[in-house]
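Residue numbers (the working numbering): 480 to 666.
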């Protein structure tokens, strides 16, 4: 298997492989373009984000600085909003539902590395997709780890590190994030 095939199959892959690196370079160029657009030029910002992402709803609002690994693995729904300094390491797919807000300095990552020094010296990565439901508010400085699924109508408290799946209709917070409260779904 090629390193890209390994990556896409969820197996360990070499992140210095030329094809893998080319995906990151393409995304880095588009992120640099997006981040250089004037904050007052919303139309150009939205056009560039829609070029970068795999799919979007009609309305997408992303503040600079935004960074990602691939771009085409990011799929967001209607009225997606991300604040300043959001990073999505989308080696694997990241699916984000409708009416999701992401606070500043948040990182969503689909990639991890071996615990063994030998594996890290071999430049190995392994990825798992992340899924986020509808009507989710992710506070500032949150980290969402590979393989996490977040349900609908969820609030993730500022500074949380989400290491496990989160059910619908609740607030989670802390390190690691734990459910602290149920939420009413008033829709």
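C-beta atoms are modelled at their ideal positions from N, C-alpha and C, and glycine is treated no differently.
task = Tell me whether the beta-carbon of residue 618 lies closer than 9 Å to the beta-carbon of residue 640.
result = The answer is no: Cβ separation not under 9 Å.
key: Endpoints, the alpha helix (DSSP H) within which residue 592 is located   = Neither: residue 592 is in no alpha helix (DSSP H) and is coded neither H nor E.
request  = Quick one: grab the DSSP three-state call for residue 598.
outcome  = Note: residue 598 maps to helix in three-state DSSP.
message = Helix, strand or coil for residue 514? Go by DSSP, reduced to three states.
response = Reduced to three states, the DSSP call for residue 514 is helix.
ask   = By Cβ distance, which residues of its chain are closer than 6 Å to residue 535, with the 5 residues on each side in sequence left out?
value = Same-chain partners within the cutoff: 529, 555.
query = By how many angstroms is the C-alpha of residue 611 removed from the C-alpha of residue 629?
reply = When rounded, the distance between both Cα atoms is 5 Å.
query = If we count the other Cβ atoms within 10 Å of its Cβ and call it buried at 16 or more, is residue 502 buried or exposed?
reply = Classification of residue 502: buried, given that the 10 Å Cβ count is 16 or more.
query = In angstroms, rounded to a whole number, what distance separates the CA positions of residue 660 and residue 632?
reply = Taking the straight line joining both Cα atoms gives about 12 Å.
inquiry  = For residue 524 and residue 509, what's the separation of their Cα atoms in angstroms?
reply    = Residue 524 and residue 509: Cα-Cα distance of roughly 11 Å.
inquiry  = For residue 599, which residues in the same chain have their Cβ closer than 6 Å to its Cβ, ignoring the five residues on either side in sequence?
reply    = Excluding sequence neighbours, residue 599 sits near 592, 593.
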